[in-house]
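Residue numbers (my numbering): 4 to 148.
Below is the structure:
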């Protein structure tokens, strides 16, 4: 786990909207150790978070996201695909999120530089799966040829 000046490294994905459109950015960010929840609310842009664990390349991670993203007005922006490309075998996270880990006591801890690189690869695979899932009609849309 990387720690700098009482900050822990986490992986952050954020949607940026401007007059030209909407893009997803992702990469390493830092959160104050011991102040994770308060900073997560600000980064994610919500008042209620949820957490889901997933495994990638033998490492267990936690993704923190807006628990109420389905209740908000406006379009949904799928940003993370967890699972298999089969009906009822996956979860889709919409909006901003944070990926961290937890220790044996259940405390949220940061990620290492190597884990951040792994998560970058994971994110690219997730985006590819989101695109394929949309093409297959798995995201509630119409299947495209």
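C-beta atoms are modelled at their ideal positions from N, C-alpha and C, and glycine is treated no differently.
Computed from a predicted structure; not experimentally measured.
As DSSP reads the structure, residue 85 sits in a beta bridge with 94.
Residue pairing from DSSP places residue 20 in a beta bridge opposite 25. The closest CA to that of residue 18, considering only 99, 109 and 135, is found on 99. The beta carbon of residue 27 sits closer than 7 Å to the beta carbons of 16, 18 and 82 from its chain, once the five residues preceding and following it are set aside; these are given in chain order. Taking the Cβ atoms as the reference, residue 43 lies roughly 15 Å from residue 31, outside the contact range of under 8 Å. 8 Å or more divides the Cβ of residue 102 from the Cβ of residue 11. One thing to note: residue 133 has its Cβ no nearer than 8 Å to the Cβ of residue 68. Distances from the CA of residue 88 to each of 120, 128 and 79 were compared; the closest alpha carbon is that of 128. Ranked by how close their Cα comes to the Cα of residue 20, the residues 93, 77, 143 and 121 have 77 in first place. Apart from sequence neighbours up to five positions away, the residues of its chain that approach residue 72 with a beta-carbon distance below 6 Å are 97 and 98, ordered along the chain.
In the displayed model, residue 129 falls within a helix according to three-state DSSP. The Cβ atoms of residue 66 and residue 50 lie no closer than 8 Å to each other.
Contact annotation, residue 114 with residue 13: C-beta distance approximately 6 Å; criterion of less than 8 Å satisfied.
Under the DSSP assignment, residue 45 falls in the alpha helix (DSSP H) whose first and last residues are 39-47. Membership of residue 104 in the beta strand (DSSP E) is indicated by the continuous run 100-105.
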